[in-house]
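See structure below.
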């Protein structure tokens, strides 16, 4: 094992770190996908959507005798609105695993640095679904005749007039809101059923949820703007306006500055307001309930899992202060852990909210967590050391969630880049590599911190004590609060100098594991763009 420590205390000194760069050859890269993950997500997006709408159609037929009919095309006058709405969904699944996507120039990765090809295909299909809705309903023609027209298949006094004169935009925005509600409910939380059981990236699930939430916000606002009282009678206007106000409030509370400064307020308010908003939306437009049904079903599974975990046994963990300024928590576990996974830990004596943490290693059914005290819960945990230091701390821990975007046995060498507390999940990947005796290739760990003191981390010392010839550790320290710009280290140079010479570039594949803030991930990936070996990249982003 080789060990290098490079303390950097100024921009000038950081600039003096030079790593030889190898000659640049034509780039050949490999992009990986979570195994079958986004294929399953697509099934959950499209198939339940059709099933829900079909049930909606049958309900309209059976209970309301289909008195309210609608046709998007002039030649089909007697197709019920719910059945026709079923056309909103395309029975198309993304062929995420075609080999044509195995090789890419990396340009997509530069624009979308944390989105896999499978996820990108899923977004394209969802955007197509939104566009299809807009085109369908904007080109709708309302029929008059023996069958009255209504947006809602309900035999009450709220039926709309037989001619809606130019309000197809109102109908289109209404169905955009329906669709957005249904889609954002699928990965409704970080520990959703999709993420925990399909091995999806937590970041990808959060992106999908927030992206569709933004569409819902925009659609709701446009829906209110295009409403014309002269030609339409609003259905349950109080609940519609209430839902809009609640959606706006949720969006404001979800802004990053608010989330970071008042996380408890965000979590509690987000859940409470979301329940009220969905209830108001369902009353305002019952079709919303059908669209949300698949997402609610998945969330119900997650809640049942959480409920079962809350009644699970409390374990006694040992907590000590680490010399590096971190907190070391050793927790008994029974589940098998994989690289890239994390778990929720709840300490009843400190908080009613569970918090996500990544383990640095799991040995002899004991998971070791290294936690850096910032503020809030972690600061309270650090302050409690004088009460629990060296003693047993009762807590509850969930099963591991998430995973890497590729398996370590698919690569012949591994290079890990970590910034700050991103060292936790990175150390787990390094330990997993070293524990696999069939992995003969090198592993390089690069850690960038704010101070040299952090380099005394006990988990890092444990790693050095292994004295494994496959391991190379390179440490950087900077007083800068943001790491980037390539001044602190040269990612390409490190790979070319320490890893590439030991690889057969025609047969071997290099794995990269990057964990840190978004600016750090961007800079490292930019440096890796010119690495001349096939590569699989996993990123795990967070904010300082």
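Residue numbers (the numbering used here): 8 to 551. All C-beta atoms, glycine included, are put in the ideal place defined by N, C-alpha and C. Because the structure is a prediction, the values reported are computed rather than measured.
Going by beta carbons, residue 344 and residue 369 fall inside the 8 Å limit. Each of 516, 373 and 190 was checked against the Cα of residue 130, and the nearest Cα belongs to 190. Rounded to whole angstroms, the gap between the alpha carbons of residue 454 and residue 407 is 24 Å.
With the rule of 3 Cβ pairs closer than 8 Å, the segment 308–318 does not count as touching the segment 440–448. Taking the Cβ atoms as the reference, residue 531 lies roughly 18 Å from residue 435, outside the contact range of under 8 Å.
Counting only the Cα atoms, residue 264 lies some 14 Å from residue 382. The way I'd put it, the segment 326–344 does touch the segment 460–478; three or more beta-carbon pairs between them come closer than 8 Å.
For residue 440, the uninterrupted alpha helix (DSSP H) segment begins and ends at 430–442. Non-local C-beta neighbours of residue 296 in its own chain, meaning closer than 7 Å and more than five positions away in sequence, comprise 289, ordered along the chain.
Within a 10 Å sphere around the beta-carbon of residue 401 sit fewer than 16 other beta-carbons, which makes this residue exposed.
Beta-bridge pairing by DSSP links residue 349 to 408. 8 Å or more divides the Cβ of residue 523 from the Cβ of residue 420.
For residue 278, the number of other beta carbons within 10 angstroms of its own is below 16, and it is reported as exposed. Residue environment analysis places residue 305 among the buried positions, since at least 16 neighbouring C-beta atoms fall within 10 angstroms of its C-beta. From the listed residues 260, 266, 261 and 231, the smallest Cα separation to residue 249 is found for 231. The alpha-carbon of residue 414 is positioned some 33 Å away from that of residue 384. For residue 416, no beta strand (DSSP E) encloses it, and the DSSP letter there is neither H nor E. DSSP places residue 271 in no beta strand (DSSP E) but in the uninterrupted alpha helix (DSSP H) bounded by 270–291. Taking the C-beta atoms as reference points, residue 418 is found nearer than 8 Å to residue 516.
The straight-line gap separating the alpha-carbon atoms of residue 339 and residue 347 is approximately 19 Å. In the structure shown, residue 335 adopts extended strand secondary structure according to DSSP, grouped into three states. Here residue 368 carries a strand assignment [DSSP, helix/strand/coil].
Take the alpha-carbon of residue 352 and the one of residue 136: they are about 38 Å apart. With a 10 Å radius around the Cβ and a threshold of 16 neighbouring Cβ atoms, residue 145 comes out exposed. The Cβ atoms of residue 364 and residue 354 do not sit closer than 8 Å to each other. In this structure, residue 183 places its C-beta atom within 8 Å of the C-beta atom of residue 140. Residue 177 places its beta carbon less than 8 Å from that of residue 233. Straight across, the Cα-Cα distance linking residue 300 with residue 312 is about 19 Å. About 46 Å separates the CB atoms of residue 287 and residue 392; that is not less than 8 Å, and the two are not in contact. Sequence-distant partners of residue 439 (beyond 5 residues in either direction) whose C-beta falls short of 7 Å from its own C-beta, in its chain, are 346 and 415.
For the set 543, 422 and 359, the Cα lying nearest the Cα of residue 500 is the one of 422. Following the DSSP letters along the chain, one finds residue 188 inside the alpha helix (DSSP H) bounded by residues 175–191.
When beta bridges are read from the DSSP output, residue 323 appears opposite 401. Residue 212 and residue 409 have their alpha carbons spaced roughly 10 Å apart.
Under DSSP, the beta-bridge partners assigned to residue 362 are 352. At the C-beta level, residue 479 and residue 505 come within 8 Å of one another.
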